[in-house]
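Structure first, commentary second.
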Amino acid sequence: MTANRLVLSGTVCKTPLRKVSPSGIPHCQFVLEHRSVQQEAGLDRQAWCRMPVIISGHAHSAITQSITVGTILTVQGFISCHQAKNGLNKVVLHAEQIELIDSGD
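Just so you know, we're using my numbering here: the sequence shown kicks off at 134 and counts up by one.
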């Protein structure tokens, strides 16, 4: 097995979409916006991205109900490629753990 782990913190910037699959599995999809200053080659660099996130399963239902636009989170999981409706591929973070930092209220 090869490594595929990502930890990303940021702010939820799009309204979460909650749905249940035909097999009864709850899914919550949202977009996390990350902004930070990172060191590269001894210099400060602005880092910014918007990452689609999906978290699935009954074990995460309680925390996903508290996620709204403005919520600050740290998400841990793996990345995978999803094909969008327009046929373009996009990288999605499949969350396995979510830590609520600030509810944004």
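Every residue, glycine too, gets a C-beta built ideally from N, C-alpha and C.
Please read all numbers here as calculations on a predicted model, not as lab measurements.
Below 6 angstroms CB to CB, which residues in the same chain sit around residue i once its five sequence neighbours on both sides are set aside?
i	result
Ile158	Ser189
Cys161	Pro149, Arg151, Ile188 and Thr197
Ser142	Thr207
Arg178	Gln171
Pro185	Val164 and Val225
At which residues does the alpha helix (DSSP H) containing residue i begin and terminate?
i	result
Ser194	Ser194 to Gln198
Opposite residue i in the DSSP bridges: which residues?
i	result
Met184	Leu165
Arg178	Gln171
Ile158	None, per the DSSP bridge assignment.
Val140	Gln209
Quick check on residue i - is its C-beta less than 8 angstroms from some C-beta in chain D?
i	result
Leu141	Going by chain labels, chain D is absent from the structure shown, which holds only one protein chain.
Within the continuous beta strand (DSSP E) that includes residue i, where are the two ends?
i	result
Asn222	Asn222 to Asp235
Cys146	First-last for Cys146: undefined, no H or E at that position.
Lys152	Leu150 to Val153
Val208	Ile205 to Gln216
Should residue i and residue j be called a contact, given that it needs their Cβ atoms to be closer than 8 angstroms?
i	j	result
Cys146	Val164	yes
Leu206	Ile234	yes
Leu226	Leu139	yes
For residue i, is the beta carbon positioned less than 7 angstroms from some heavy atom of the ligand HEM?
i	result
Val208	This structure lacks the ligand HEM, and indeed carries no ligand of any kind.
If you drop the 5 nearest sequence neighbours on each side, which residues of the same chain put their C-beta closer than 8 angstroms to that of residue i?
i	result
Ala195	none
Note down, in chain order, each residue of its chain lying with its Cβ closer than 7 angstroms to the Cβ of residue i, except the 5 sequence neighbours on either side.
i	result
Ser154	His160
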